[in-house]
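Residue numbers (my numbering), protein chains in the order written: chain A, 1282 to 1786; chain B, 142 to 313; chain C, 36 to 137; chain D, 194 to 884.
Contents: one structure, followed by commentary.
And the structure:
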């Protein structure tokens, strides 16, 4: 059976099995979840090893099967250089988050079942190549998220969950309209029927006249659809000004869910833009992204950094730093240089690992102190040295220290975008100062300085927590030293995509 | 030619047993007697099946109905009522209106039997049917067959659940 | 007169009427169930008769077997329900168990 | 233009070797061993083992550096480049950057300083830190720093250099805040890192601009060899209305001001004295802070093409040298004095860089590394003996107890003050001469003033610390002692170097060979441009100036003697000028920290506050407002629904319920009755069918 299919559906099987377990066997549920995320992780590793890094056209491990033939909806999955990194990230973070969720005691079975369902949805989004299938997975992942925040969240969980849900649903609605518009205006050249197949949609020769140059609401159709899709994805990224669901959702969500939320879900926005907006409407992309997307990216970077600086809740600070870091991804994509676009996707991956670490670390301290107020600690480095070591790695990675992974991607992004827009790049580069500011300031207030006597005998990080952090820390360091490991994977696909789009500049 | 003369005789005998005991079931006041009569009806019906060249069905009829359902019924009777208690045995009420309805139905059915143009084919010699039925079960009727097994399973489980005393107490 | 389809149908009708009578007039739940058995038997008789006289294949017999199967299931469930009713009301007189009445 | 083309096509000869990687990797290994296993080693094998591991790494590195040096000497002067490509690092499109280490005459000097002085300071630290519980952590940081610094100078491209550049910043952060449980130390660390980041911002922008400008002339690269080769092609290019090269070099210089503590970004360095004293010696005097100087020398081809930037650098350098010196005259903390003197000396190096005398700047870098490291270690020795007392007003007369420390400190003071024949004389005087002869007369004058003040405050520190009456309390005095050999040996070696290293570069004017200049010439001289390097013409002016600067140094020293030994001039006479306002201003470091705090930090924090408020009230307000509007609308619809739509529905329901009320009589609850109905319905259908 196809490896991608297995990776997507093994967690579903796991979810069903967990639901069927006896009521009081919480540990069985946990280990079941471990097994059903470990298998996809191993598959991801084999995918990483066997992926053909030279193929720049089309997809690998592709499967096409009829699903709903009357509407030409297919079960079509496959990976290329863009999605494989995200598949790897999803598999890894899902696995680690199971361990990070070990401490959940409320409705354990339901939690893990929903979590696995979420995992399947995310994986599905990244591998599906049929737009309908994509949309189905997109929605599948939304629902477990709603419940995970809404049931296992913090004090204002209902508000956060509903805000998240409605926001994303608004994006989904715009996306659905665009999907339908694309469907009715894309023709499969073989059968001469409408199709949901993304690969077909990426070939403008299959588009109808209307889709190529028609008018709607007095605007050109590609621009309108591009914008609708973009808003749908921008909400997920989250791009300014659609970002306010993020801090709320993060603050209320349990640790593992925050990790998934920031580590994987945010990437879906930028992934969607790269997978859908760019190849399907290269001309509109060239028109709009050049200034618009880049400007949004820069606003995200600077604004997110400034907001982060003003936070008193550590988790909120990390959430806003995510907003800032995702800005780099947009800036890089909008640069239309190979450095920029490669940097953008690498940044997606690196942000996934770094921010996952950050949220896990916040979770560690929250589990012990039951609050996250930055000013409420002090001098923890003295009592929790190992923990502080991990904190240092994560914080310095987040502020872009060379030698750690995020530096490579940020430098590539800024280098790439400099060619298109030096002024914007300079403004974005200013944020390296700001990020150093808020990160170090937080580090200083919580971990350095005189010890707060209240936490004099706080418990050092335990083995399970170390287990979740070590792989991420290793990745952060390894990719800082040898980024080629990931750059190799995506280079061929991204460069050909960049070629398609930059033709229209 | 003896065969020729024997067939109606046997038929009428069987028909008489069947119909007679059926009416016995209908009109006896004691439910226990009703059950005994039912047994005879079922056996008679089995005989009639044989005459219709349905040997396998007949055997199944005897096994399932007589050996299974009837015994079950008798058990139920014994579990639910004391035999001596005649008053709750098997009264039937409102006989008169029911006769009216029965008459109406009987009339219309007989009329239908007589007036309808039944499609009749040449009757061949009776042959054993087990092989053909078994074959049909595992080819053409495989899905219904499996479904039937599921239904039986469900009925089994349902019957167990319904008749367990302690569960009711928990719920009640 | 040669024994043919009609004869069997008449017998079946008689059994059916007897079953119907049971169903309509009995106050004892088990009696009603017995009536149902009679009705099912008459139906089976019809199946087999038509299978013998009006067709060349075994479809009728197959259906008869399924009917028997269903009858078995029905009896099992039905009798279990009767037992349940008895445990609840301490009678199986259907007139006494009219709590469904508004 | 022909010359440019000629340079651009000039091929660079490179010699490939494979041992260079071990120079930085050995300290990294030490850092990993001590960082991960240090706790265990310290507990089970003792502190000594930790220290020995840590010291062995730079020592081995020094041996390898010597080997590289010897290999270089054996090559033609134009071919002196050793290269060790380790693995491909970032290859994206036209960007091709490898992890590759390169040794040329410039980096050879640097690695010798880093591993040599670094090794000595490692050794010294074993003595200085011996009562520190987190011994292993200190040495892990120190090794990591050595690794980062070596990467900085060995990296063969800008990005790898940047790794080292920020890496040393990280280690500096960690070591300044080594005793992190003091709030001030942690703050000083953060301050250092963030201020450096401002410089890094310039560095990064310069890198990007350089890369794309070179792409514009079809040679995109970040590798130094190729930059040197192709940079002349940028001549005449304009970006944002400014010469591209000028912009690049200005941005680079912003980076250098951060790392090398020049105006306006010098504020972090005095605070950085919060770290252990050997750290101040290694990082904040000898090596890291000179990274900016190294970088300018490394990219001298670009700076040669931008005379305007040169002027700015020289001016900033002179200003820094002067202002830092003024502050240095007023400080009482022995380490603060040395810190401001470092800033001041770095200013001298930048003057050299600005006037195009790169070799001279690097020479001063080297001599400064020796004497300033020696001074810091000497002050460390004093502080160690004084139980971490740093105020000079509480010292005095220490030469009695600590003769070796005193002697080495004194030698280094002579060196920094510029007395012949100490090393500082040769290097500083060369800078002054280059500034003067390069028509930077004002710069020269300011620098000479700074030199005079240097002599003054350095001798002031000597007299206050080692001469006169002992002013410490009785308890401290009882425990005064000379430091153990682990600390005095490095002091001796460094003092020796401070004394004699000047002879490496005796100028032609003094019948010397200017060997050091010649050694660096292949790296920092780029045909025709900035031709100060080969100063063949020397005349009477040079001798006069030399004499003048020696005189100035004597004057400074005499003033200090008069004020603090013979007390014939009261310091208050200067302090009370204009009601003490100038003195207080200088003593409080011109209130620059306060200014930054009020304007920059408060400004950014205010902006952050506004952003946050905007986010939670305006942006989120709009979102919640939209939700409110939708809710209101839905309530409105709810009313409509209730009274109109539901009204109709309820009407139907009422009728239904009325009918139902009648019909329900049929519902007897009796099975037989239901069966009747069924049967009758069936009969009815049958009858209807038949008739």
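Where a beta carbon is used, it is the ideal one built from N, C-alpha and C, also for glycine.
On a predicted model such as this, the values are computed, not experimentally measured, just so you know.
One or two residues paired with residue i in a DSSP bridge
{"i": "residue 294 (chain D)", "result": "D:277 and D:348"}
{"i": "residue 1488 (chain A)", "result": "A:1467"}
{"i": "residue 284 (chain D)", "result": "D:289"}
{"i": "residue 1785 (chain A)", "result": "None, per the DSSP bridge assignment."}
{"i": "residue 584 (chain D)", "result": "D:526"}
{"i": "residue 1594 (chain A)", "result": "A:1654"}
{"i": "residue 1497 (chain A)", "result": "A:1500"}
{"i": "residue 416 (chain D)", "result": "D:350"}
{"i": "residue 431 (chain D)", "result": "D:436"}
{"i": "residue 1475 (chain A)", "result": "A:1468"}
{"i": "residue 209 (chain D)", "result": "D:276"}
Integer-rounded CB distance, given that residue j should sit under 8 Å from residue i
{"i": "residue 77 (chain C)", "j": "residue 50 (chain C)", "result": "4 Å"}
{"i": "residue 131 (chain B)", "j": "residue 172 (chain B)", "result": "As displayed, chain B neither begins before 142 nor continues past 313, which places residue 131 (chain B) out of reach and without an answer."}
{"i": "residue 255 (chain D)", "j": "residue 320 (chain D)", "result": "No, residue 255 (chain D) and residue 320 (chain D) are not in contact; Cβ-Cβ is about 19 Å, not under 8 Å."}
{"i": "residue 452 (chain D)", "j": "residue 409 (chain D)", "result": "28 Å between Cβ atoms; not a contact."}
{"i": "residue 1660 (chain A)", "j": "residue 374 (chain D)", "result": "5 Å"}
{"i": "residue 365 (chain D)", "j": "residue 465 (chain D)", "result": "7 Å"}
{"i": "residue 1583 (chain A)", "j": "residue 1712 (chain A)", "result": "5 Å"}
{"i": "residue 1709 (chain A)", "j": "residue 1579 (chain A)", "result": "5 Å"}
{"i": "residue 1587 (chain A)", "j": "residue 800 (chain D)", "result": "6 Å"}
{"i": "residue 1332 (chain A)", "j": "residue 1365 (chain A)", "result": "6 Å"}
Boundaries of the alpha helix (DSSP H) in which residue i is found, first to last residue
{"i": "residue 1349 (chain A)", "result": "Per DSSP, residue 1349 (chain A) belongs to no alpha helix (DSSP H); it is in the beta strand (DSSP E), 1341 to 1349."}
{"i": "residue 1357 (chain A)", "result": "No alpha helix (DSSP H) holds residue 1357 (chain A); the beta strand (DSSP E) holding it covers 1354 to 1360."}
{"i": "residue 437 (chain D)", "result": "437 to 452"}
{"i": "residue 1553 (chain A)", "result": "1547 to 1553"}
{"i": "residue 181 (chain B)", "result": "172 to 192"}
{"i": "residue 199 (chain B)", "result": "196 to 201"}
{"i": "residue 703 (chain D)", "result": "No alpha helix (DSSP H) contains residue 703 (chain D), which DSSP labels as neither H nor E."}
{"i": "residue 1338 (chain A)", "result": "Neither: residue 1338 (chain A) is in no alpha helix (DSSP H) and is coded neither H nor E."}
{"i": "residue 207 (chain B)", "result": "Counting along the chain, residue 207 (chain B) falls outside any alpha helix (DSSP H), and DSSP gives it neither H nor E."}
{"i": "residue 751 (chain D)", "result": "733 to 757"}
{"i": "residue 1286 (chain A)", "result": "1284 to 1301"}
{"i": "residue 1568 (chain A)", "result": "1563 to 1569"}
{"i": "residue 681 (chain D)", "result": "678 to 693"}
{"i": "residue 802 (chain D)", "result": "795 to 806"}
{"i": "residue 466 (chain D)", "result": "Note, residue 466 (chain D): premise wrong, no alpha helix (DSSP H); not H, not E."}
Legend entry - Cβ contact check for the segment 1302 to 1316 of chain A and the segment 1327 to 1346 of chain A: 3 or more pairs under 8 Å: Verdict: no, contact absent.
Legend entry - Contact residues within the segment 1645 to 1674 of chain A, judged by C-beta distance below 9 Å to chain D: Answer set for the segment 1645 to 1674 of chain A: 1659, 1660, 1662, 1663, 1666, 1670 and 1673.
Legend entry - chain D contacts from the segment 106 to 121 of chain C (Cβ-Cβ distance under 9 Å): From the segment 106 to 121 of chain C, no residue has a Cβ closer than 9 Å to chain D.
Legend entry - Residues from the segment 780 to 799 of chain D in contact with chain A, defined by Cβ distance under 8 Å: Within the segment 780 to 799 of chain D, the residues whose Cβ lies closer than 8 Å to some Cβ of chain A are 797 and 798, listed in chain order.
Inset, instruction - Could you name the residues of the segment 1693 to 1710 of chain A whose beta carbon sits closer than 8 Å to any beta carbon of chain D, in the order they occur along the chain? - result: Here the close residues are 1693, 1695, 1696, 1699, 1700, 1703, 1706, 1707 and 1710.
Inset, instruction - Mind the definition here: the segment 1611 to 1627 of chain A touches the segment 1587 to 1599 of chain A only if three or more C-beta pairs lie below 8 Å; say whether that holds. - result: Verdict: no, contact absent.
Legend entry - Three or more C-beta pairs below 8 Å linking the segment 531 to 550 of chain D and the segment 663 to 674 of chain D: By the criterion of at least three beta-carbon pairs nearer than 8 Å, the segment 531 to 550 of chain D is not in contact with the segment 663 to 674 of chain D.
Legend entry - Stretch pair the segment 1514 to 1530 of chain A + the segment 1445 to 1464 of chain A: three plus CB contacts closer than 8 Å: Taking 8 Å as the limit for Cβ pairs, the verdict is that the segment 1445 to 1464 of chain A does touch the segment 1514 to 1530 of chain A.
Legend entry - Members of the segment 67 to 83 of chain C that neighbour chain B once the beta carbon cut-off is set at 8 Å: Listed in sequence order: 68, 69, 70, 72, 73, 76, 79, 80 and 83.
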